[in-house]
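For the sequence shown, the residue numbers in my numbering are 19 to 127. C-beta atoms are modelled at their ideal positions from N, C-alpha and C, and glycine is treated no differently. Notes follow the structure.
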Amino acid sequence: MTQDTNGRTLVFSYDYKPGSEFETIAHLQPGTTIRLLRTVDGETVSEISQPDEYTGHVIRYESSGGALEPTTILFVREGRISTGESASLDTDASMFSSRLNLLATTVER
């Protein structure tokens with residue numbers, strides 16, 4: 019079951035497909051999430067002072083034509099989406115961190 023996901027959702031800008039349905043495939047280990055939310059030099063960015071407040075999700079966009087769609091990662095602060103559950107990303111997004119190439123948006127169910 020999906021827990022509250024009213025918190026911030028982050029997705030890499032090149033993987034953002036607004037309005038497209040996705041399925042949660044797995045959750046990332048906390049250490050992996052923290053590493054991904056830091057810059058290449060291992061420093062935190064000013065926008066994310068506590069990367070351990072985010073849950074990393076491996077998602078796969080669904081396709082109506084049956085073709086396999088891209089698998090990517092999104093990060094949810096203050097909530098998580100259960101494995102196997104479907105949702106979509108809101109059509110409104112804004113640049114969250116240019117150093118990490120992350121957009122901020124919300125999850126729609």
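Quiz item: Looking at SER31 and LEU107, is the spacing between their C-beta atoms short of 8 Å?
Solution: On the sequence shown, position 89 is the one that residue 107 refers to. On the sequence shown, position 13 is the one that residue 31 refers to. With respect to the 8 Å criterion, LEU107 and SER31 are not classified as neighbours on the basis of their beta carbons.
Practice problem: Can you tell me which of the three DSSP states ARG53 falls into? | Solution: Taking the first residue of the sequence shown as 1, we reach residue 53 at position 35. In this structure, ARG53 counts as helix in the three-state DSSP scheme.
Practice problem: For my contact list, ILE52 and ILE77 are in at a C-beta cut-off of 8 Å; report their separation, rounded to the angstrom. | Solution: Start at 1 with the first residue of the sequence shown, and residue 52 comes out as number 34. Start at 1 with the first residue of the sequence shown, and residue 77 comes out as number 59. Rounded to whole angstroms, the Cβ separation of ILE52 and ILE77 is 19 Å, and the two are not in contact under 8 Å.
Quiz item: Would you call the CB atoms of GLU65 and SER115 closer than 8 Å?
Solution: The residue you call residue 65 lines up with position 47 of the sequence shown. The residue you call residue 115 lines up with position 97 of the sequence shown. Yes, the pair counts as a contact, with Cβ atoms nearer than the cut-off.
Quiz item: Using the C-alpha atoms, what's the distance from THR27 back to GLY97?
Solution: By one-based count along the sequence shown, residue 97 stands at place 79. By one-based count along the sequence shown, residue 27 stands at place 9. Their Cα atoms are separated by approximately 9 Å.
Quiz item: Less than 8 Å separating the beta-carbons of ARG117 and THR50?
Solution: Here residue 117 is taken as the residue at index 99 of the sequence shown, counted from 1. Here residue 50 is taken as the residue at index 32 of the sequence shown, counted from 1. A distance of 8 Å or more separates the beta carbons of ARG117 and THR50.
Practice problem: On a CA-only basis, which of LEU92, PRO36 and THR123 is nearest HIS75? Give me that one, please. | Solution: Residue mapping note: residue 75 aligns to position 57 of the sequence shown, counting from 1. Put simply, of LEU92, PRO36 and THR123 the residue whose alpha carbon is nearest the alpha carbon of HIS75 is LEU92.
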